[in-house]
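Note that the protein sequences, when read in sequence, are chains A and B. In this text, residue positions in the first sequence follow numbering that gives the first Met the number 0: the first is 0, and each later residue adds one. In this text, residue positions in the second sequence follow numbering that gives the first Met the number 0: the first is 0, and each later residue adds one. The beta carbon of each residue, even a glycine, is placed where N, CA and C say it ideally should be. Predicted, not measured: the structure shown is a model, and the values here were computed from it.
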Amino acid sequence: MNWFTDRHFFLLAVAFYGLATVYSVFLWRKGFRRDDHVNYFLILAGVALHTLAMFKRGLTLHSCPVNNLYEATTFLLWALGLACLVYSLLPRFQFLCAFTAPLLFTVGVFALMPSLDVHPLPGAKPDFSNWLRSLHAATILQSYGAFGLAAVAAGMFLMQQHDLKFHKLRAMLSLMPSIQRLELITFRLVAVGFVLLTIGLAAGSQLPRKEGAPYFSDAKVVWSALLWLIYLESLVAHQFFGRTSRRFAVGVIVAFVFLLLTFWVTNLYSGLHHP
Amino acid sequence: MSVVVIGLSHHSSPVELRERFAFADAKIPDALTLLRASGIASEAVILSTCNRVEIYAATTLEPAEAFAELKQFLKTAHAFENPLGEEIYTLAEPESLHHLFKVACGLDSMVLGETEILGQLKTAYKIAHGHKHTGARLNKIFQRAFHVAKHVRTHTNIQRGSVSVASVAVELAEKIFSSLAEREVLVIGAGEMSEKTARALLSRGAKSIIVASRSHERAQALAMEFNGRAVQFDDWAGEFEKIDIAISSTSAPHHILDRAKLEPLMKARKNRPLLLVDIAVPRDIDPAVNFLENVYLYNIDDLQSIAADYLKQRKEEIIRCEQIIAEKVKPLLETNLAVRSKTDISAQSSNWWSLRDSNP
């Protein structure tokens, strides 16, 4: 079974995410009326295989598997999938899986591109055997997962709000949570992500770097700080300055799309992360 | 022994007639005793609600004979002397069993799929059972009917959604707010429909009701009934900062709330969601307010259209429900048939032995 690598496990996981996506389309067409758990179990199977893939890779590396873009992306997706499974257990949140599955599948397929899984030359790769480094990478990627799930909940909010505003029967027939609850969950997920991101960045600032190189000279650090500011502004504006729920939800989605689209690029330009 | 049904319902007779034949709960045990003592039925259940009066009887009589006797019993019990025609329906097996199951599932109700009838049927059965007027036959059939009603409720959409304006408004509120427990409701204009809607919201846990009406006495009376608070009609806008749901049903000939008036109120509310239910004709609230963020405006047509859609859905479920009922009634009929054949054979065999004994 040596030929069956961690990438094969991840491939299987992505296949399950794909099946969940197909089932999500079916649920969407049916107006989210059926109260079933098919999607939950498909994602559960996917996350189980995903965990196995990461565990196998971690065992090989003897450290947290976040050394290249493939590993970072799979870690992000794993955090997202796991959070989705936990939050789906809340009453009326079973359809969170249906909204998360397409994201897991799309980013999962992207992560499978062979060029992302580059094994750097010995000594050239960032060393994550240090616990502070592992903490830095793990918390930051978990925060991305929380932001991803917040974007999914925000999407559910916008759909339900639109349906209620324009008197669509789907709003009444679907087994979705109330929009106030969706807004609360979105806010909490962003808050959790923000705290994790803060911890991750704080841990990152304590890591050793080249003599005399300022922390904020690295592209990834600047990008992370920008992300931190975006989410901080979003939380403060919504909580204290009366930003409407709709604008908050749109902001959370836009911020996560920005994160997804620029994550890899900034990683490539980062001397600290891509030496 | 077969099961027969005789009765009157909202399908067959007007309320004036139904009320003549209604049985008060306290009088049902005596009526059942009388019915069984007359020899018409071995077991019986009387169901008497505002929409129907029905007798379910297990009898050894031929259906035609049983119907005549039961009709006479009904007339005598209520001292009714006029002739009765199609106002009374009679059903023999298998239709009688199908009918009972349909009643239990709410398929024969005025509001299709409603659940109140199941509770009423259970009470009727409980009274008869408690006074030992039911036996093996009716016990089995009624228990199965209750079981099927539960099955139909969970496996079909017959009871899904609200089919009245008041309950649609409540459902809408539950789609917007995470809980109704902390919600304050403002009723502007104390009409019948707004009263019903407010009552429905209260029954689902709304925190309090504030009433504003041109007649302050009427507002106070209604507020007292809801354990709420009455405000002067001109002061209703001042309550908008606190409330979450507003139900408007004044007879004003123009809009009493428009976008210009609501916009500053929404700022004061810090953009908390606001559900506006406008059940007045002509409308009290300018439709343009729906373009404001966090404002959800529904007028009487919107609510009625949702209720109609739900009803349409329920009607589409009837066929599925009837298939389930047919499936569940079948074994009951087969069991009865088997018991009857066995009884007939043993009766024939005892006849044969007595004939043989009398002719040595």
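If you keep only unbroken alpha helix (DSSP H) runs of at least 4 residues inside the region 35-90 of chain B, you get 62-76.
For Ser304(B), the closest of Val3(B), Ile278(B), Ala222(B) and Ile209(B) by C-alpha to C-alpha distance is Ile278(B). As summarised for the region 245-271 of chain A, there are no continuous alpha helix (DSSP H) elements at least 4 residues long confined to that stretch. When secondary structure is reduced to three states using DSSP, Asn298(B) falls in the strand class. The continuous beta strand (DSSP E) containing Ser207(B) extends over residues Ser207 to Ser212.
Three or more beta-carbon pairs separated by less than 8 Å are not found between the region 272-286 of chain B and the region 215-234 of chain A, which leaves the two stretches without contact.
In the DSSP annotation of this structure, Glu238(B) is not part of any alpha helix (DSSP H), being labelled neither H nor E. For Gly6(B), the uninterrupted beta strand (DSSP E) segment begins and ends at Ser1 to Ser8.
Non-local beta-carbon contacts of Arg203(B) in its own chain, meaning distances under 6 Å to residues more than five positions away in sequence, involve Val169 and Leu179 in chain order. C-alpha of Asp116(A) to C-alpha of Leu68(A): approximately 6 Å in a straight line. For Asp277(B), the enclosing beta strand (DSSP E) stretches over residues Leu273 to Asp277. Annotation for Val328(B): Pro93, Leu96, His97 and Phe100 place their beta carbon closer than 7 Å to its own, counting only its chain and skipping 5 residues before and after. With fewer than 16 other Cβ atoms inside 10 Å of its own Cβ, Trp263(A) counts as exposed. Out of Gly188(B), Asp285(B), Ile39(B) and Ala259(B), the CA that lies nearest to the CA of Ile246(B) is found in Gly188(B). Out of Ala144(B), Ile208(B) and Glu238(B), the CA that lies nearest to the CA of Asn226(B) is found in Ile208(B). The shortest C-alpha to C-alpha distance from Leu195(A) to any of Thr185(A), Phe257(A), Leu140(A) and Gln179(A) is the one to Leu140(A). Excluding five sequence positions before and after Ala52(A), the CB atoms of its chain that fall closer than 6 Å to its own CB belong to Asp5, Phe8 and Phe9, given in chain order. If you ignore the 5 residues before and after Thr185(A), its C-beta comes within less than 7 Å of the C-beta of Ala149, Ala152, Ala153, Phe156, Ala248 and Val251, all in its own chain and listed in chain order. Spatial neighbours of Trp222(A) in its own chain (CB-CB distance under 6 Å, excluding positions within 5 residues in sequence) are listed in chain order as Thr265. Chain-order list of chain B residues neighbouring Arg180(A): Ser177, by C-beta distance under 7 Å. Within the same chain, and ignoring the five residues on either side of Ile198(A) in sequence, the residues whose Cβ sits closer than 7 Å to its Cβ are Thr138. DSSP lists Ile187(B) and Asp277(B) as the beta-bridge partner residues of Ser247(B). When secondary structure is reduced to three states using DSSP, Ile284(B) falls in the strand class.
Taking all protein chains shown into account, Asn298(B) has 16 or more neighbouring C-beta atoms within 10 Å of its C-beta and is therefore buried. Just measuring C-alpha positions, the residue of Leu174(A), Lys219(A), Tyr268(A) and Arg187(A) sitting nearest Arg91(A) is Leu174(A).
About 4 Å separates the CB atoms of Ile5(B) and Leu69(B); that is less than 8 Å, so the two are in contact.
Taking 8 Å as the cut-off, the Cβ atoms of Arg136(B) and Ala57(B) count as close.
The Cβ neighbour count for Leu131(A), taken over all protein chains shown within 10 Å, is under 16; the residue is labelled exposed. In the DSSP annotation of this structure, the continuous segment of the alpha helix (DSSP H) that includes Val46(A) starts and ends at Val37 to Leu60. Listed along chain B, no residue sits closer than 8 Å to Lys29(A) by beta-carbon distance, the nearest being about 12 Å off. Straight-line spacing of the CA atoms in Phe141(B) and Leu172(A) works out to 32 Å. Under the 8 Å criterion on CB atoms, Glu240(B) is classed as non-interfacial with respect to chain A.
Annotated three-state conformation of Arg319(B) is helix, per DSSP. The CB of Ile305(B) comes closer than 7 Å to the CB of Leu168 and Met171 in chain A, given here in chain order. For Val230(B), the enclosing beta strand (DSSP E) stretches over residues Arg228 to Gln231. The Cβ atoms of His132(B) and Ala218(B) lie no closer than 8 Å to each other.
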